[in-house]
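*Asks:* Chains as they are written, first to last, in the numbering used here: chain A, 1 to 103; chain B, 104 to 206; chain C, 207 to 309; chain D, 310 to 638; chain E, 639 to 967; chain F, 968 to 1296. A virtual CB, placed ideally from N, CA and C, is assigned to each residue, including glycine. Values in this document were obtained by computation on a predicted structure and should not be read as measured data.
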Amino acid sequence: MKTYAKKRMEIIIEAPFLNRLLDHLDQQGVHGYTVVPAIAGKGHGGNWSRDGLVSDAGRLVMVICILDPSDASTLLESTYAQMSNRIGIVSLGDVEVVRNDHF
Amino acid sequence: MKTYAKKRMEIIIEAPFLNRLLDHLDQQGVHGYTVVPAIAGKGHGGNWSRDGLVSDAGRLVMVICILDPSDASTLLESTYAQMSNRIGIVSLGDVEVVRNDHF
Amino acid sequence: MKTYAKKRMEIIIEAPFLNRLLDHLDQQGVHGYTVVPAIAGKGHGGNWSRDGLVSDAGRLVMVICILDPSDASTLLESTYAQMSNRIGIVSLGDVEVVRNDHF
Amino acid sequence: MTSFIELASANLLSPMVLFFVLGVVAALLRSSLSVPEAVAKALSIYLIMAIGLKGGHEVALAGISASLVYALLAGVILSFLLPLLAYGALRATTKLPAVDRASIAAHYGSISIVTFLAAVEVIRGLGYGAEGYMVAVAAVMEVPAILSGLWLAARSSGHSDATAGAVGVDRTLLREVMLNGSIVLLVGAFLIGAVIGDKGMSAVAPLIVDPFKGVLCIFLLDMGLVAGRGLRDGWRKITPAVLLFGLYMPLLGAGAGWLSGFALGLQTGGVALLMVLCASASYIAVPAAMRLALPDANPSISLTLALGLTFPFNLTIGIPIYIAAASLI
Amino acid sequence: MTSFIELASANLLSPMVLFFVLGVVAALLRSSLSVPEAVAKALSIYLIMAIGLKGGHEVALAGISASLVYALLAGVILSFLLPLLAYGALRATTKLPAVDRASIAAHYGSISIVTFLAAVEVIRGLGYGAEGYMVAVAAVMEVPAILSGLWLAARSSGHSDATAGAVGVDRTLLREVMLNGSIVLLVGAFLIGAVIGDKGMSAVAPLIVDPFKGVLCIFLLDMGLVAGRGLRDGWRKITPAVLLFGLYMPLLGAGAGWLSGFALGLQTGGVALLMVLCASASYIAVPAAMRLALPDANPSISLTLALGLTFPFNLTIGIPIYIAAASLI
Amino acid sequence: MTSFIELASANLLSPMVLFFVLGVVAALLRSSLSVPEAVAKALSIYLIMAIGLKGGHEVALAGISASLVYALLAGVILSFLLPLLAYGALRATTKLPAVDRASIAAHYGSISIVTFLAAVEVIRGLGYGAEGYMVAVAAVMEVPAILSGLWLAARSSGHSDATAGAVGVDRTLLREVMLNGSIVLLVGAFLIGAVIGDKGMSAVAPLIVDPFKGVLCIFLLDMGLVAGRGLRDGWRKITPAVLLFGLYMPLLGAGAGWLSGFALGLQTGGVALLMVLCASASYIAVPAAMRLALPDANPSISLTLALGLTFPFNLTIGIPIYIAAASLI
Ligand SMILES: Nc1ncnc2c1ncn2[C@@H]1O[C@H](COP(=O)(O)O)[C@@H](O)[C@H]1O
Ligand SMILES: Nc1ncnc2c1ncn2[C@@H]1O[C@H](COP(=O)(O)O)[C@@H](O)[C@H]1O
Ligand SMILES: Nc1ncnc2c1ncn2[C@@H]1O[C@H](COP(=O)(O)O)[C@@H](O)[C@H]1O
Ligand code: NA
Ligand code: NA
Ligand code: NA
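1) With burial defined as no fewer than 16 other Cβ atoms inside 10 Å of the residue's Cβ, what is the status of T403 of chain D: buried or exposed?
2) Give, in chain order, every unbroken run of the alpha helix (DSSP H) that is at least 4 residues long and sits entirely within the segment 362-417 of chain D.
3) I'd like the list of long-range same chain contacts for M968 of chain F, defined as Cβ closer than 6 Å, with 5 residues on each side in sequence excluded.
4) Does the beta carbon of V864 of chain E come closer than 8 Å to any beta carbon on chain D?
5) Going by beta-carbon coordinates alone, are G365 of chain D and A503 of chain D separated by less than 8 Å?
6) Please decide whether T240 of chain C counts as near chain A, where near means a Cβ-Cβ distance under 8 Å.
7) Going by C-alpha to C-alpha distance, which of D:F389, D:P549, D:Y442, D:L482 sits closest to L461 of chain D?
8) Comparing the C-beta of V157 of chain B with each C-beta of chain C, is any distance below 8 Å?
9) Residues of the segment 833-851 of chain E in Cβ contact with chain F at a cutoff of 7 Å, in chain order, please.
10) If you follow the alpha helix (DSSP H) that K1166 of chain F is part of, which residue opens it and which one closes it?
11) Does the beta carbon of A347 of chain D come closer than 8 Å to any beta carbon on chain E?
12) Kindly provide the ranges of any alpha helix (DSSP H) runs that are 4 or more residues long and lie completely inside the segment 510-580 of chain D, ordered along the chain.
13) F521 of chain D to P515 of chain D, Cα distance in whole Å?
14) Taking 8 Å as the threshold, find out whether the segment 1150-1160 of chain F comes into contact with the segment 314-331 of chain D through three or more Cβ pairs.
15) Quick check on DSSP: helix, strand or coil for P243 of chain C?
16) Should G537 of chain D be listed as close to ligand 5, given that the test is whether its C-beta is under 7 Å from any heavy atom?
17) For S734 of chain E versus V880 of chain E, is the C-beta spacing smaller than 8 Å?
18) Report yes or no: is there a C-beta of chain B within less than 8 Å of the C-beta of M1 of chain A?
19) Near T1277 of chain F, what residues of its chain come up, given a Cβ to Cβ distance below 6 Å and the 5 sequence neighbours on each side ignored?
20) Is the shortest distance between the beta-carbon of I66 of chain A and the beta-carbons of chain B less than 8 Å?
21) Beta-carbon within less than 7 Å of S1079 of chain F's beta-carbon, same chain only, minus the 5 sequence neighbours each way: which residues are those?
22) Against K350 of chain D, what residues of chain H qualify as contacts under a CB-to-CB distance less than 9 Å, listed in chain order?
23) Using 8 Å as the cut-off, can you tell me whether the segment 73-90 of chain A makes contact with the segment 281-299 of chain C, which would need three or more C-beta pairs spanning the two stretches below that distance?
24) Taking Y1054 of chain F as the reference, which of F:G1222, F:A1041, F:V1043, F:H1074 has the closest Cα?
25) Per DSSP, what kind of secondary structure is A439 of chain D in: helix, strand or coil?
26) Can you name, in chain order, every residue of its own chain whose Cβ lies under 6 Å from the Cβ of I1269 of chain F, other than the five neighbours on each side?
27) A57 of chain A and P16 of chain A look like a contact to me (Cβ under 8 Å); what is the Cβ gap, rounded to whole Å?
28) Can you determine whether any heavy atom of ligand 5 sits closer than 7 Å to the C-beta of S786 of chain E, and answer yes or no?
29) Hey, does C287 of chain C have any beta-carbon neighbour from chain E nearer than 8 Å?
30) Quick check: the segment 664-684 of chain E against the segment 974-982 of chain F, are there 3 or more CB pairs under 8 Å?
31) Less than 8 Å separating the beta-carbons of A536 of chain D and L616 of chain D?
32) Shortest alpha-carbon distance to L337 of chain D belongs to which of D:L540, D:N623, D:M599, D:V580?
33) Do I217 of chain C and A244 of chain C have their C-beta atoms within less than 8 Å of each other?
34) Could you work out which residue in D:A565, D:V423, D:G436, D:Y379 is closest to F528 of chain D when comparing CA atoms only?
35) If we count the other Cβ atoms within 10 Å of its Cβ and call it buried at 16 or more, is G1167 of chain F buried or exposed?
36) Looking at E236 of chain C: is its Cβ nearer than 8 Å to the Cβ of L282 of chain C?
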């Protein structure tokens, strides 16, 4: 089956910032993304766990975004600029998809 | 440590269709998969959020399936055929594993 | 934008073992990880679903850990040794990141 | 008709309606207020369990009568026929594709159990009598409309395009529809309510009966949040003609319910409840079934209609209208 | 023995048992009915907190007595010894590997708090007296069985294979077992119940006491769903001999509880409760501990036995049998 | 001052405080006990809804008075000014960077609704009178402190570094802060409580009023777990000087509340509640706002202070102190 090379961007970010990040992705013309909950984690800022939290602060979410390789570099740069001070990380991997025009 | 090349298939699909998708994977002889919840997303069909939903409709889940490269192409094709009209996306990436025979 | 090659380790493991796994990662000097819930799955040991479970037993979680390629092999080996008898799987993929020193 | 205005304003100032409005407003303002999915599910389990238990208990007290059997039959027939009415109305007034018409028709033939619950509270508050078996009527009205909708879709696609096979009602689908969690729980709780007797009922009453209205308020807050979010996003996807359908279809349905209730000789509250069942549209069991059976139908149109327009319409002014109409008999 | 049949059928028609059955049926039919994990955890927090508070309060009212101390001692000893009995029975009647025998034995030596709760409700409904401190006995019976099970596993693996080291009871494991959430909450709520007095108790009673049975019904619905799912999938993995164990082992345990309760001079309800504790098998604390300590043991065998067979057996006909037997004393 | 000791020990033995302590102990022991996030959110929705409804209902009964307006004004002013006090105190006694001082200051100017709830229960238990509108005062005190904190941060960063622009209070932020879920729900429930009258209130009372204290216990168990976890991990990140701030700042705030309550001529309970509001620090609305507005501030310092030190301090000995002080007037 014919597949097309795309990039898979994975952003792990603190929950209060999520809406702004998604607005940013929308503005950058990203076609789609999916948000997955995280339940615990550790980073330079120490570890956290979602259990029992009422506030969004102190909780992380993961945003998965499959995009065209030609857009990846610009998006990575602008996203990274948006996030720089925030608690969170961004990574980029290679994937193949079937529907080239969907992403 | 010796590792083996495998494919990681990631399917994001609307929840009501999940059981049928898993039945399909079972029939195709897939050895294993893991389902992860999604909490929000956006695609061509607009955006959605899981909060407060009672019905499965309008909610998405993510299925992760690590499989042998030799099976990947057939499975991608048959899965894609099953899903075509559905809300959702499929992507395929490369990973390495230790236990070759487990997948 | 300049990016650096890293490894993305994805561990799917039964929940009761999670704390020990994280302690192990800490001891191995891993800089960070994120834990994502899983809601259902299938493997050689049969299928499971998280719905309605009260006990941690019978439930799986996914640990995502982005690390330096130079550490990947050792970590894979030691993690695999820790887990061998457990219900779960480990896979390793390639990703790029912006902040080289963060991982 | 002063009494109708009194009735309507009493309804609009009830905590249930106000919490629904709060939810809608919060969602439209993009507030971060939200009810976690697990909690929304728990609330719906509670409400369905409670209504099933109480209904079963009441039927057991009253015994199985001919009028119960007739009412069940009427419910099944209404649920089968209302989709035809809705489908025809959509064809006459909108340009929606056939598959969307069929999907929406299935939603409107089926019922909204929360609208039913809200109406039960209002009717009880006003002191009207209602048959205890109306819960059973609600239960039997959930599924037939789905079959009608699928038949409409298959029929239309048979004429117009080639993918007819995809629409066929296969066995798996039928099982999934009949064994939808909310249906199984409603029927199961009904049967349990029918056998546990007064002793069993009084054991569970402090959970099931007393806090019921309060829980309904929280659930309606959640429904308001979901409906408001749906309106915010779905607004642009529906044309004025489709929007109008969401407001007149409940009245058509209620009309059919009024006639049937009259023919069945139900009490005033019973007639009003049958009207509510006919007027309301499903947003739990049917949407999931439609996603499985009619993947080409656009889910956001039917959800915006059922939850964003018809539900609030019924909750706020529909219920008082139906009660007023029922009391004319 | 008419009274036993009456007792059994009253139990079988209680809302608690019926909701459990509804859950099992829904799961076997593959209905989409499910209770979200977060809600199931919340229900178990509520139930454990309630039972702990009530138990502590009752003990504080009655004061610490010699009979309380003896009962606690008996509980610890029974929990240590019952796994030996179970292990032996499994070796005699099944071909399971030693590590599975040890794991199952630990489950059966420990207790099921929900079975205990259900029994308390039945016994109270029948008007039998029971010692308030039985909750404390339940608490002390949770852990010793785990240690016995681990000792059995270590002993057998010492003889047969080389990975003996992996089985040793390390410090971390012991801490994790003792500090399991359900155990900490039960003990903590017990202590709180013991000090808050009547005033504190009446402050929390509208949440903790009144809706208790209703919550238990929802929890049993969930247990039924999980048990039914387990049966559906686990059925093929257990042989008839293992299956049989899940039905006769509770009777063996209950026998040991009967003798001990008689020796301790407990009231009828107290004897029945001790029998229930001995007859029931854990499916919350022990499975998690076994996954940590004995990763080679197959978790689906022990869960199918404890939750799929022994739990329903005790809930439906076990409890009436134990009460009938206790009332013979 | 025997009465204070009595008061304090009665408070310390209340189920609410004991469950908080149980949570802290369980977390420090690394027990696996935890409350799922969805359940914690549901509990907070319940508590906020209940307090809002009751407050609105009481204000509607009493009517809008001049003293209500003055109290609201005082609340707004206190919430604006307390951060200045906190910021100054932190500059005088600690070496924290300006952005952390500003963030912490915002937390302390705002309020903790759970501390308020706990105080209401204690005050009611003791029979002191309190103004029904104190809930409204609590609501208006949530936000102004956030603006003060941001102003402090902008001012200091204007002097010292170049990234001043990042701190500016943009429109989006303001909307996000004002429309925080907990604020919208509190205000909405208050307004609903004000219009539903006695009939509406009695409909929801079995959920909203009766089980309230029990739910508060479970929520405090959860707060204890989160606070204990925060203490375990955050301990090393705060210096003794910062730690001290978490203990004396509530007293400073309470002092300001005492003076204001005296000036406003509030009843004893009202003065104590205003002290509690001034003494308590936010850990729901403010932390989320600070993460958005001041990403450079270290969130674990403010959370450890607000939830790990000040909250337990107020809950255990703060509330009795404030009541004793208020009763001196
Ligand atoms: N190397 C990593 N791999 C996966 N997740 C990470 C990694 N580093 C950080 N994270 C996640 O990002 C969050 C913030 O990291 P930090 O900004 O380093 O405190 C952590 O709590 C983790 O959830
Ligand atoms: N490019 C993408 N990257 C990640 N997730 C996506 C992407 N496109 C779509 N999705 C997910 O798939 C769902 C359906 O997409 P669509 O069929 O385009 O409406 C969306 O709601 C997202 O959750
Ligand atoms: N090939 C696979 N791809 C994704 N997840 C898997 C795969 N195999 C196993 N798993 C996950 O790991 C769990 C344990 O697998 P097993 O040890 O094979 O029973 C399963 O329940 C799945 O959640
Ligand atoms: Na209808
Ligand atoms: Na036992
Ligand atoms: Na304050």
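*Replies:* Result, derived from the coordinates:
1) Taking all protein chains in view, the Cβ of T403 of chain D is crowded by 16 or more other Cβ atoms within 10 Å, so the residue is classified as buried.
2) 375-402, all fully within the segment 362-417 of chain D.
3) Only weak support is given to the placement of M968 of chain F: the predicted model assigns it a pLDDT of 46, under 50, and the question is left unresolved by the model.
4) no
5) yes
6) With its beta carbon less than 8 Å from one in chain A, T240 of chain C belongs to the interface.
7) D:F389
8) No, its Cβ sits nowhere closer than 8 Å to a Cβ of chain C.
9) V833, I834, G838, A841, V842, P844, L845, I846
10) 1148-1175
11) yes
12) 521-543, 549-573
13) 9 Å
14) yes
15) strand
16) Every heavy atom of ligand 5 is 7 Å or more from the Cβ of G537 of chain D, so no.
17) One point to set straight first is that residue 734 of chain E is Leu, not Ser, in the sequence displayed. Closer than 8 Å, so yes.
18) Judged by the 8 Å Cβ criterion, M1 of chain A is in contact with chain B.
19) G1213, P1217, A1248
20) It does: the Cβ of I66 of chain A has a partner Cβ on chain B nearer than 8 Å.
21) S1247, A1248, S1249, Y1250, F1278
22) This model lacks chain H altogether, as its protein chains are A, B, C, D, E and F.
23) Verdict: no, contact absent.
24) F:H1074
25) coil
26) The sequence shown places Ser at residue 1269 of chain F, rather than the Ile named in the question. Contacts found: S1070, I1071, H1074.
27) Approximately 6 Å separates the beta-carbon atoms of A57 of chain A and P16 of chain A; this is inside 8 Å, confirming the contact.
28) No - ligand 5 has no heavy atom lying nearer than 7 Å to the Cβ of S786 of chain E.
29) The question names Cys, but residue 287 of chain C in the sequence shown is Ala. By this cut-off, A287 of chain C is not an interface position.
30) no
31) yes
32) D:L540
33) no
34) Of the candidates D:A565, D:V423, D:G436, D:Y379, the residue whose Cα lies closest to the Cα of F528 of chain D is D:V423.
35) Classification of G1167 of chain F: buried, given that the 10 Å Cβ count is 16 or more.
36) According to the sequence displayed, residue 236 of chain C carries Val and not Glu. Not in contact: V236 of chain C and L282 of chain C (Cβ atoms no closer than 8 Å).
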